[in-house]
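Here is the structure we will look at, set down as structure tokens.
Protein chains in written order, with our numbering: chain A, 1 to 123; chain B, 1 to 123; chain C, 1 to 123; chain D, 1 to 123.
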């Protein structure tokens, strides 16, 4: 049986999806304001993408190591609302579907992001 | 392999969980205001519980028939926010865990409630 | 010195503004969902407008008597969010400006609606 | 007739209120998460207080000059919600009342903060 990492397309598949997720966030009216300042700092966007890829890879059974900050630390001081959290989930789910990720893997990712909710919202 | 209906404890298990979910909603500061007026109308609470049981049963592969209104119709005019939707999910997830529902069935329910989101929020 | 009632245009002025405020609410994406069900019940809209006129008139020093329910009772079970409350204020302020109500009277209305916030939000 | 600046207690009065407002924000569950990271950076808190004092003083007719960033620039990337904005207003109004600021001056401040809303929310 495949690992979730494999079902997400391994490093290459995850990286392509993270590109599209960031793009979706920039077009999502609920959360785009959070990302607009980064447009002037492409190196910061690249760093965020790298951390996100490693986080997803490590969390789905891949060989990568996540070296970024903890979830609460990453979102500290942002006071992310439920509406913003849902917007992120919507973008992730939409991109996974577009990339042909099967329903079982999408369910796994939904469950993982739900489990992380308490470390993301209102930090 | 069991159906989701069986994994949720069939009619009896679902009914007990719906009792606890309504109880949890009444204690959840984010959504309790929506339910307080019903405390004076126990017959309305009984009706809501009945519809919820049938909806869950029918949607999880049970023999029950759901005769209530459609999801958008049920929530029409309520303008339910993302925070309220998340509060409902939290109560459902917490009750399922308390009732010993296994992870796979909880994932299924999370995915079903996520799929229904567009028919619940901001109607 | 004029009363606030007079500065709002007395019964006629208030009534015209209430018409425009309800119209603005129906076009405001944050709150229109709350009002859409009323479109099928014009007599309910007429009643809401009548109560709103009387409430504003009585509260601004006019001779009208408000016979509707109390603020908390009116909003009971609605769980109105801060965003919805702000949308209502925005519509009221915009209509008052459009109707040429002077700054001092608009300030008074803003202060009154702010004072009522606790009886409107999350009831 | 006094200026708003004088009605707010001039530089000394404004400075004392800003201290109390920041304290109130740190105890307000809706927005405290935004301010917690600053607790480790007292020099940053001092800078925010200084800018806030100058902003209020300059905006109320005092001789101070505001040298901080523009409102949209200050809130850029924060995606402040309506609920957070209302929490800030509540803290400001509560502190002004505690400091014995008269109703007319409180109304002026409410109107000013309302006028700034579009430069604060969802930037």
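Every residue, glycine too, gets a C-beta built ideally from N, C-alpha and C.
Are the beta-carbon atoms belonging to residue i and residue j less than 8 angstroms from one another?
{"i": "residue 47(A)", "j": "residue 54(A)", "result": "no"}
{"i": "residue 85(B)", "j": "residue 112(B)", "result": "no"}
{"i": "residue 79(C)", "j": "residue 33(B)", "result": "yes"}
{"i": "residue 22(B)", "j": "residue 50(B)", "result": "no"}
{"i": "residue 83(D)", "j": "residue 73(C)", "result": "no"}
{"i": "residue 71(B)", "j": "residue 116(B)", "result": "yes"}
Judging by CA-CA distance, which residue of the options is the nearest neighbour of residue i?
{"i": "residue 20(A)", "options": "30(A), 108(A), 94(A), 123(A)", "result": "94(A)"}
{"i": "residue 40(C)", "options": "118(B), 69(B), 14(B), 76(B)", "result": "76(B)"}
{"i": "residue 6(C)", "options": "122(C), 116(C), 114(C), 106(C)", "result": "106(C)"}
{"i": "residue 69(A)", "options": "15(A), 52(A), 24(A), 14(A)", "result": "52(A)"}
{"i": "residue 27(B)", "options": "90(B), 13(B), 123(B), 122(B)", "result": "90(B)"}
Between the alpha carbons of residue i and residue j, how many angstroms are there, rounded?
{"i": "residue 31(D)", "j": "residue 88(D)", "result": "8 angstroms"}
{"i": "residue 29(B)", "j": "residue 2(D)", "result": "44 angstroms"}
{"i": "residue 62(B)", "j": "residue 104(A)", "result": "22 angstroms"}
{"i": "residue 44(B)", "j": "residue 101(D)", "result": "49 angstroms"}
{"i": "residue 38(A)", "j": "residue 57(A)", "result": "23 angstroms"}
{"i": "residue 18(D)", "j": "residue 17(C)", "result": "38 angstroms"}
{"i": "residue 60(B)", "j": "residue 8(A)", "result": "27 angstroms"}
{"i": "residue 122(B)", "j": "residue 122(D)", "result": "19 angstroms"}
{"i": "residue 66(A)", "j": "residue 25(A)", "result": "22 angstroms"}
{"i": "residue 35(C)", "j": "residue 114(B)", "result": "26 angstroms"}
{"i": "residue 42(A)", "j": "residue 98(D)", "result": "47 angstroms"}
Could you list which residues in chain A have their beta carbon closer than 7 angstroms to that of residue i, in chain order?
{"i": "residue 111(B)", "result": "107, 110"}
Does any heavy atom of the ligand MN sit closer than 7 angstroms to the C-beta of residue i?
{"i": "residue 64(D)", "result": "Questions concerning the ligand MN fall outside what the structure shown contains, since it holds no ligand whatsoever."}
Under 8 angstroms between beta-carbons, which chain D residues line up against residue i? List them in chain order, please.
{"i": "residue 84(A)", "result": "79"}
Since residue i meets chain B, which of its residues come closer than 7 angstroms, beta carbon to beta carbon?
{"i": "residue 116(C)", "result": "Chain B residues near residue 116(C): none, gap ~17 angstroms exceeds 7 angstroms."}
Just to confirm my understanding: we take residue i, look at its own chain, exclude 5 residues before and 5 after, and list those with CB closer than 7 angstroms. What are they?
{"i": "residue 128(B)", "result": "The first residue shown for chain B is 1 and the last is 123, placing residue 128(B) beyond what the model contains."}
{"i": "residue 172(C)", "result": "Residue 172(C) falls outside the range modelled here, since chain C spans only 1 to 123, and no answer is possible."}
{"i": "residue 118(D)", "result": "none"}
For residue i, return the contacting residues in chain D, with the cut-off set at a CB-CB distance below 7 angstroms.
{"i": "residue 33(A)", "result": "77, 79, 122, 123"}
Along chain D, which residues have their Cβ under 9 angstroms away from the Cβ of residue i?
{"i": "residue 37(A)", "result": "76, 77"}
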